[in-house]
Amino acid sequence: MKKVLLAVSALALFAGPALARDQIRIVGSSTVYPFTTTVAENFGKTSGMKTPVVESTGTGGGLKLFCSGAGEDTPDMTNASRRIKKSEFEDCAKNGVSEIVEIKVGFDGLSIAASKEAAPMKLTKEQIFLALAKQIPDKDGKLIDNPNKLWSDIDASLPKQKIEVLGPPPTSGTRDSFAELAMEPGAAKIKPLADLKKADVKAYDAVWKSMREDGAFVEAGENDNLIVQKLQANPAAVGIFGFSFLEENSSTIKDVEIDGVAATYETIASGDYKMSRPLYVYVKKQHVGVVPGIAEFVAEYVSEKALGEDGYLGAKGLITLPGADAEKSRADATAMAVLTIDGLK
Amino acid sequence: MTDTFDKGNAAFIAKRYSSERRFRAYGAAALAISVLFLVYLIADIGIRAWPSFFEHRAVLEVNLDASKIPAGNVQTGDFEGVVRTAFRGGFPGITARSDLKSLTSLLSAGAADDLRQQTVANPASIGTTVKAGVLLADDADLYLKGMLTDTVKTPGKTNLQLAQSGDEFILTGDLSQLAAGQIVRANGGALRIASIEAGLARAEAVMPPVTLNTLAPGTWDILSFSHAEADRRIDDRQVVWLESLRDKGAIEKHFAWRFFTNGDSREPELAGLRGAIAGSLLTLIVTLSLSVPLGIAAAVYLEEFAPKNKWTEIIEVNINNLAAVPSIIFGLLGLAVFINFMGLPRSAPLVGGLVLALLVLPTIIIASRAAMKAVPPSIKEAALGVGASHQQAVFHHVLPLAVPGILTGTILGVARALGETAPLLMIGMVAFIVDVPKGFTEAATVLPVQIFLWSDLPEVAFQSRTAAAIIVLLGILFCLNAVAIYMRKRFERRW
Numbered sequence: 095m096k097k098v099l100l101a102v103s104a105l106a107l108f109a110g111p112a113l114a115r116d117q118i119r120i121v122g123s124s125t126v127y128p129f130t131t132t133v134a135e136n137f138g139k140t141s142g143m144k145t146p147v148v149e150s151t152g153t154g155g156g157l158k159l160f161c162s163g164a165g166e167d168t169p170d171m172t173n174a175s176r177r178i179k180k181s182e183f184e185d186c187a188k189n190g191v192s193e194i195v196e197i198k199v200g201f202d203g204l205s206i207a208a209s210k211e212a213a214p215m216k217l218t219k220e221q222i223f224l225a226l227a228k229q230i231p232d233k234d235g236k237l238i239d240n241p242n243k244l245w246s247d248i249d250a251s252l253p254k255q256k257i258e259v260l261g262p263p264p265t266s267g268t269r270d271s272f273a274e275l276a277m278e279p280g281a282a283k284i285k286p287l288a289d290l291k292k293a294d295v296k297a298y299d300a301v302w303k304s305m306r307e308d309g310a311f312v313e314a315g316e317n318d319n320l321i322v323q324k325l326q327a328n329p330a331a332v333g334i335f336g337f338s339f340l341e342e343n344s345s346t347i348k349d350v351e352i353d354g355v356a357a358t359y360e361t362i363a364s365g366d367y368k369m370s371r372p373l374y375v376y377v378k379k380q381h382v383g384v385v386p387g388i389a390e391f392v393a394e395y396v397s398e399k400a401l402g403e404d405g406y407l408g409a410k411g412l413i414t415l416p417g418a419d420a421e422k423s424r425a426d427a428t429a430m431a432v433l434t435i436d437g438l439k
Numbered sequence: 008m009t010d011t012f013d014k015g016n017a018a019f020i021a022k023r024y025s026s027e028r029r030f031r032a033y034g035a036a037a038l039a040i041s042v043l044f045l046v047y048l049i050a051d052i053g054i055r056a057w058p059s060f061f062e063h064r065a066v067l068e069v070n071l072d073a074s075k076i077p078a079g080n081v082q083t084g085d086f087e088g089v090v091r092t093a094f095r096g097g098f099p100g101i102t103a104r105s106d107l108k109s110l111t112s113l114l115s116a117g118a119a120d121d122l123r124q125q126t127v128a129n130p131a132s133i134g135t136t137v138k139a140g141v142l143l144a145d146d147a148d149l150y151l152k153g154m155l156t157d158t159v160k161t162p163g164k165t166n167l168q169l170a171q172s173g174d175e176f177i178l179t180g181d182l183s184q185l186a187a188g189q190i191v192r193a194n195g196g197a198l199r200i201a202s203i204e205a206g207l208a209r210a211e212a213v214m215p216p217v218t219l220n221t222l223a224p225g226t227w228d229i230l231s232f233s234h235a236e237a238d239r240r241i242d243d244r245q246v247v248w249l250e251s252l253r254d255k256g257a258i259e260k261h262f263a264w265r266f267f268t269n270g271d272s273r274e275p276e277l278a279g280l281r282g283a284i285a286g287s288l289l290t291l292i293v294t295l296s297l298s299v300p301l302g303i304a305a306a307v308y309l310e311e312f313a314p315k316n317k318w319t320e321i322i323e324v325n326i327n328n329l330a331a332v333p334s335i336i337f338g339l340l341g342l343a344v345f346i347n348f349m350g351l352p353r354s355a356p357l358v359g360g361l362v363l364a365l366l367v368l369p370t371i372i373i374a375s376r377a378a379m380k381a382v383p384p385s386i387k388e389a390a391l392g393v394g395a396s397h398q399q400a401v402f403h404h405v406l407p408l409a410v411p412g413i414l415t416g417t418i419l420g421v422a423r424a425l426g427e428t429a430p431l432l433m434i435g436m437v438a439f440i441v442d443v444p445k446g447f448t449e450a451a452t453v454l455p456v457q458i459f460l461w462s463d464l465p466e467v468a469f470q471s472r473t474a475a476a477i478i479v480l481l482g483i484l485f486c487l488n489a490v491a492i493y494m495r496k497r498f499e500r501r502w
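For the record, the sequence lines run as chains A and B. Counting from 95, one number per residue, gives the positions in the first sequence under the working numbering. Counting from 8, one number per residue, gives the positions in the second sequence under the working numbering.
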């Protein structure tokens, strides 16, 4: 027993620091994870190099790790379901990560859907806001706690059915996107709130960022599959989740049109469906050439067989970029164009 | 009280009895409810998991073309190409590029893997035609398992006349068997019924029929579905192709060994647990070899040798508290100490094992101390009485008698370590790792993390894989507990 103990403690002490790494390490968004892993697997199969390790840490956590420094013990790439923030970029620069390459890989649509058995429904963003915001303006423009109990309370054309919406919790990137892509535009269309936006942006932001807590909006967990299953069991509820889950489960759930546009591959790619967000992969240029395979991996990611119209990422549910954007991504990836702080928020 | 003794109050006694009966009933009901929940849970997971243990293969005559598979370097041969050619060869009528693509998408991305292995083992087969089972893709597999739609095949019992007008086909005659949305397979083609009007059915070609003969009873059949084409992930054409393969007997169902022999993959039909099982094993080796000796040593010292003062009391309280600390805290500690300070590699079983060792250490110490406390003091006193030193008394007499209790505590600790995911998130083991880890410093993941990662993927087929992985994890835990019970029974001694 003593020998084992000695052997293990010796191993623990002398194994590190990390040896020269020959495997690409990627962290970041769980939304981009299904796509990056697909590329990683194909890269591993065809290149003869080691298959990259892809961690699912969330966008924020991924960027934090990515920006923690340049060196073999930091990740080479990170997935993000939103653009890098100015503060994160500055954090990166401070820690010596001075050359970041940004590659836009596609879009993710946020869909609102219900069970196939439910009555058909069409919503506008304004109605979504009125159904889900914690506080809404009353007739006089004064903010009151959301009184709407039934969909028909919002608009007579909507079904006489209890408002019950299943969505992601605040820790999820999907929730942030939903607030930005549906709640904010919805709020902006309501006159008193549009006035508030001009007068007091902070107060306005608080209004569209606060979701109801009286049971009409149910935080159903990070796992989109769980929301889908709950919708199947409860035809009265409506759910919010990523488009790929809608596509995979088209036999049991159906889309709710937003502002008259249904979420389909085509409408999201063309930009007609407004509730979609771009997905990014960030590459640490300083690691290119140090960790073998990064340039080849990035080339695989933007290649026609992956990112193209008929590519394998499309088959996995990624909404691929339209022609010109795809060309730009390809050019960025080939040239390893370094991101600058201009234009970041 | 006096009531009971003085009067022998019958009503009071009856009340006592009924109170006891009620209590027993509550106990039995509580037990029954727990058993019910457990049975429901396991049955539900089991039913979901079952399809994942099987896979469908298409049996093809594959020509191992020597020009595509170089005899000198079989491994790099274009097996995908020859398999694709063989698969398409079974459907000579299909030539358009998009149709071919749709047809080939029925094959798994790893369809040629088995054939490649066979050929590497038997290079003499190059240049010949061999019979090979090629793996089908997840959607085709789900369809054949009946999980995308229920397909009913009905033989045609009436006479139908078939005519073509432009792109449209018209069926006339006895239409009693037909309904819109069904597929009629006849004359080497397949027609989807678009609408039925008085006396005629309009249909569009899924696969154009070769001839326009009259359809006699028995020469045609109907496929009807529980889900319309728009509602499933496989289109009518693909269904017709798969059904024609099934009719030819070219579809085989096998036990999915690759679920245990493959590493992780993004293709559900290729994804396996070997990487996760190897990762769990490596992690547990590190955990056990650290926490068991340390835990037992600490327990022996604290129980038998340590002076009873304020310091040992503080240590005791802290050990008890540590056992209740949320596991994610240990992950944070692991990240700060082992990775950032000591510079150990991320995602490695070594770090995972260290973190989990810290996690189970308090459990092992507490269980070991309790086991030693349970050894009758007379045994130690007898040893001391015949002149044994304190150390001899402990190591020769107390510790061996405490082994069953220590083992139980250890196995419970291991079972906890085997099921942890939260602390591993911080140290990078929640990751997609294809290569099966072979050493303590290679990137690895563990079983519960694999379950967590699969549960979050959009592909429907992964939901069944998730359930199957849970069954495997439960099976391993069950075996561990069985070992614990066996060991306890074996070493147990009664006084």
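Even glycine gets a Cβ: it sits at the ideal position worked out from N, Cα and C.
If you look at residue 19 of chain B, you'll find it in the alpha helix (DSSP H) that goes 17-56. At a cut-off of 8 Å between beta-carbon atoms, residue 234 of chain A makes no contact with chain B. Within the DSSP secondary-structure output, residue 372 of chain A pairs in a beta bridge with A:201.
Residue 369 of chain B sits in a helix when the DSSP states are folded into three classes. Per the Cβ contact rule, the region 421-438 of chain B is in contact with the region 448-460 of chain B (3 or more Cβ pairs under 8 Å).
Here residue 63 of chain B carries a strand assignment [DSSP, helix/strand/coil]. Bounds of any beta strand (DSSP E) do not take in residue 353 of chain A, whose DSSP letter is neither H nor E. Contact with chain B is absent for residue 414 of chain A, since none of that chain's Cβ atoms lies less than 8 Å from the residue's Cβ.
Each residue's CA atom was taken as its position, placing residue 330 of chain B and residue 369 of chain B some 5 Å apart.
Per DSSP, residue 267 of chain A is one residue of the alpha helix (DSSP H) stretching across 267-272. For residue 135 of chain A, the enclosing alpha helix (DSSP H) starts and ends at 127-141. The criterion of a C-beta distance shorter than 8 Å is satisfied by residue 275 of chain B and residue 466 of chain B. According to the DSSP assignment, residue 443 of chain B belongs to no alpha helix (DSSP H), since it is labelled neither H nor E.
Residue 217 of chain B carries a coil assignment under DSSP once its states are collapsed to helix, strand and coil.
Restricting attention to beta strand (DSSP E) runs no shorter than 3 residues, the region 247-307 of chain B encloses them at 258-262, ordered along the chain. The beta carbon of residue 174 of chain B sits closer than 6 Å to no other beta carbon from its chain once the five residues preceding and following it are set aside.
Not flagged as an interface residue toward chain B: residue 326 of chain A, since no C-beta distance is shorter than 8 Å. Within the same chain, Cβ atoms closer than 6 Å to the Cβ of residue 387 of chain A are found at 118, 143, the five residues on either side in sequence being excluded. A Cβ-Cβ distance of about 7 Å is found for the pair residue 225 of chain A and residue 245 of chain A, placing them in contact under the 8 Å criterion. Those residues of the region 256-282 of chain A placed with their C-beta closer than 8 Å to a C-beta in chain B do not exist. Residues of the region 449-470 of chain B that bring their beta carbon within less than 8 Å of a beta carbon in chain A comprise 450, 460, 462, 463, 464, 465, 466, 467, 470, in sequence order.
Counting only Cβ-Cβ distances below 9 Å, residue 213 of chain A has no contacts in chain B at all, with the closest Cβ about 17 Å away.
In the assembly as shown, residue 486 of chain B is an exposed residue. Its beta-carbon has fewer than 16 other beta-carbons within 10 Å. Between the C-alpha atoms of residue 361 of chain B and residue 41 of chain B there is a straight-line separation of about 35 Å. Between residue 430 of chain B and residue 351 of chain B, the C-beta gap is not smaller than 8 Å, which leaves the two residues out of contact. For residue 239 of chain A, the three-state secondary structure derived from DSSP is strand. Among the residues facing chain A, residue 240 of chain B is included, as its CB has a counterpart in that chain under 8 Å away.
Under the three-state reduction of DSSP, residue 179 of chain B is assigned to strand.
As the crow flies, the alpha-carbon of residue 339 of chain B is around 12 Å from that of residue 359 of chain B.
The beta carbon of residue 78 of chain B sits closer than 7 Å to those of 130, 133, all from its chain and outside the five residues before and after it, given in chain order.
Put simply, the CB of residue 372 of chain B is far from chain A, with every gap to its CB atoms at 8 Å or more. DSSP places residue 173 of chain A in the strand class (E or B) of the three-state scheme.
Per DSSP, reduced to three states, the secondary structure at residue 414 of chain A is coil, with no helix or strand assignment. With distances taken between CA atoms, residue 286 of chain A lies nearest to A:235 out of A:235, A:270, A:293.
Around the beta carbon of residue 54 of chain B, fewer than 16 other beta carbons sit within 10 angstroms, so the residue counts as exposed. Counting only Cβ-Cβ distances below 8 Å, residue 155 of chain B has contacts in chain A at 345, in chain order.
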